[in-house]
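So the structure is just underneath, and the comments pick up after that.
Below you can see the structure in the form of structure tokens.
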């Protein structure tokens, strides 16, 4: 039997719930409309999303010229959050951004929002994964370089064709697989580093995450993306591969929990981090942490290496000098170690100059304000505001790099290291005028690994193969730009010829360079192979 008060209580509860819901929605709406009070720029004509996807460089240049170089911020359309513009800051704000804790200006939140990784079951950068890369990986590089060198040789033996004549290869997938193989011993340990099921799974999972991230952002509104977990086939594929990875890692993890043997690898370091903090490490968590470390380390490293390779083909004189340097360092040191890799100063300078001129990102130090944040000069960021610094334009600004800032100078950083800037001009170093690795406390912890692995890869590639563009490709292929992301063209086919098969003869590529140069410069100029 019901009393008269129960319907009234139910009605009151229902009205209260509705009121709270309306208030919450109103608050969300009002917060979404709060934006930083800075100048907003857009295209003068054809101000469409399609143009933002392909032509942000021109808009960034205008903002940089009129605002950034004057120390002022500016805002523009933000494809990640259409309700809140993207605020681009000048170097004036660098110190405050890099020193702000993630509880105020969050990089992980920015990544999660741009990749919708939480909605697709993808990996996130956990505190444990960050600690492993920053501390354990960097501490162990000296010990593990020989293992990575061994894996490098195995990778080339298994993945490269014979190349006894000019052999066409789509190079980016090859580099990606080589990087995965080189670092497998470090990240996954001896049990799975040569397991082809695991190695293939890394590629498949990476592709699945990228595909799901793109498709969910394209198909779903932000407030309906939770549905993707139940209905989207691309998201289901991510979970399928996660489960498969957990199955492969389960016996490895159980062996570590049982203390069977001594290991220096990512699985052991992650187990130590979780166990030491009293947290449970499941095979699924282990898989996600492994994947986020691998994806963060390998994909950008392979893209950077491809970009450097294009520049090396464009600068044959530097390529010849680097080959000579590799042989000389090898003779002097006898083996590849962290010390001998560091002695490759010409290669290091070339790599860093390529990174400066052909950076992979227009933006750096991307953050989202977790709560309202005010800079020392009074600039106020409402909660939810996304900020960044214009990495690409800073790295080519004549104010920092001199009148030849737009030119590719292979020895720019070698000269800096020989001068007063010895400690801040190697590939993995960070300075205020070059920010591809970020800055401050949250600087990319894997940059030293990327530096050493890239050098190992090039040591073998450049000394054992001649490399040319395929027929019809003249000069470095144009980078592919999508919104603020910049990538070397990963579809280009390069030609490879194994140098050992030349029996000391001048290669066809060197002959062709001489022939072309003589046509350009005229037969009155005497050319030698050393000129190239």
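Numbering (full-length UniProt numbering), first residue to last: 1 to 532. Quick reminder that beta carbons are idealized off the backbone N, C-alpha and C, glycines included. Values in this document were obtained by computation on a predicted structure and should not be read as measured data.
{"Query": "Do you know offhand how far residue 78's Cα is from residue 110's?", "Result": "12 angstroms"}
{"Query": "Taking all protein chains shown into account, decide if residue 207 is buried (16 or more other Cβ within 10 angstroms of its Cβ) or exposed.", "Result": "exposed"}
{"Query": "Which class does residue 469 belong to by DSSP, given the choice of helix, strand or coil?", "Result": "strand"}
{"Query": "At 4 residues or longer, and completely inside the stretch 217-243: list those alpha helix (DSSP H) runs for me, N to C.", "Result": "228-231"}
{"Query": "Which runs of the alpha helix (DSSP H), 4 residues or longer, sit entirely within the stretch 24-90?", "Result": "49-66"}
{"Query": "Rank 309, 496, 286 and 300 by C-alpha distance to the C-alpha of residue 486 and give the top, closest one.", "Result": "300"}
{"Query": "Leaving out five residues before and five after residue 38 in sequence, what residues of the same chain have Cβ atoms less than 7 angstroms from its Cβ?", "Result": "73, 74, 75 and 87"}
{"Query": "For residue 369, which beta-bridge partners are listed by DSSP?", "Result": "105"}
{"Query": "Looking at C-beta atoms only, is the number of pairs between the stretch 315-323 and the stretch 378-389 that lie closer than 8 angstroms three or more?", "Result": "no"}
{"Query": "Is residue 535 near residue 349, with beta carbons less than 9 angstroms apart?", "Result": "Since the first and last residues shown for the chain are 1 and 532, residue 535 lies out of range."}
{"Query": "Residue 314 to residue 442, Cα distance in whole Å?", "Result": "34 angstroms"}
{"Query": "Are residue 341 and residue 452 closer than 9 angstroms when you measure CB to CB?", "Result": "yes"}
{"Query": "Can you name the residues that DSSP bridges to residue 496?", "Result": "167 and 467"}
{"Query": "With distances taken between CB atoms, is the gap from residue 461 to residue 156 smaller than 9 angstroms?", "Result": "yes"}
{"Query": "Measure the C-alpha to C-alpha separation of residue 511 and residue 450 and round it to an integer number of angstroms.", "Result": "Residue placement at residue 511 is poorly supported in this model, since its pLDDT is 45, which falls under 50; the coordinates still yield a value, given next. Rounded to the nearest angstrom, the two C-alpha atoms are 34 angstroms apart."}
{"Query": "Could you check where the beta strand (DSSP E) with residue 387 kicks off and where it finishes?", "Result": "386-389"}
{"Query": "Helix, strand or coil: how does DSSP classify residue 315 here?", "Result": "coil"}
{"Query": "Determine the direct distance from the alpha carbon of residue 123 to that of residue 243, and round the result to whole angstroms.", "Result": "13 angstroms"}
{"Query": "So residue 336 packs on residue 137, CB below 8 angstroms; how close in whole Å?", "Result": "Rounded, the Cβ-Cβ distance is 18 angstroms, inconsistent with contact."}
{"Query": "Is it true that the CB of residue 184 sits closer than 9 angstroms to the CB of residue 166?", "Result": "no"}
{"Query": "How is residue 381 classed by DSSP in three states: helix, strand or coil?", "Result": "strand"}
{"Query": "If I'm right that residue 542 touches residue 448 with Cβ under 8 angstroms, what's the distance once you round it to whole angstroms?", "Result": "Within the shown structure, residues of the chain are numbered from 1 to 532, placing residue 542 beyond reach of any answer."}
{"Query": "Label residue 95 either buried or exposed according to how many other C-beta atoms from any shown protein chain fall within 10 Å of its C-beta, with 16 as the threshold for buried.", "Result": "exposed"}
{"Query": "Can you tell me where the alpha helix (DSSP H) with residue 267 in it begins and where it stops?", "Result": "266-276"}
{"Query": "Ends of the beta strand (DSSP E) at residue 482?", "Result": "480-482"}
{"Query": "Considering only residues of the stretch 425-470, which uninterrupted beta strand (DSSP E) runs meet the minimum length of 3 residues and lie entirely inside it, listed in chain order?", "Result": "465-469"}
{"Query": "Which residue marks the beginning of the alpha helix (DSSP H) containing residue 118, and which one marks its end?", "Result": "117-120"}
{"Query": "Work out the CA separation of residue 59 and residue 366 for me, nearest whole Å.", "Result": "18 angstroms"}
{"Query": "Going along the chain, which residues of its own chain have a beta-carbon closer than 7 angstroms to the beta-carbon of residue 85, five neighbours each way excluded?", "Result": "35, 40, 75, 76, 77 and 78"}
{"Query": "Apply the 10 Å Cβ neighbour rule to residue 423 and answer buried if 16 or more other Cβ atoms are within range, or exposed otherwise.", "Result": "exposed"}
{"Query": "Please report the distance separating the alpha-carbon of residue 214 from that of residue 115.", "Result": "8 angstroms"}
{"Query": "Extract the residue ranges of the beta strand (DSSP E) inside the stretch 161-217, only unbroken runs of 3 or more that lie entirely within it.", "Result": "167-170"}
{"Query": "Do you know whose CA, among 481, 369, 345 and 329, lies nearest residue 416's CA?", "Result": "345"}
{"Query": "Is it buried or exposed for residue 333, if we count other Cβ within 10 angstroms and need 16 for buried?", "Result": "exposed"}
{"Query": "Apart from the five residues on each side of it in sequence, which residues of its chain come closer than 6 angstroms, Cβ to Cβ, to residue 234?", "Result": "211, 212 and 215"}
{"Query": "Using a Cβ-based criterion (distance less than 8 angstroms to any ligand heavy atom), does residue 340 qualify as near the ligand MG?", "Result": "By its list of ligands, the structure shown contains no ligand whatsoever, and the ligand MG lies outside what it can speak to."}
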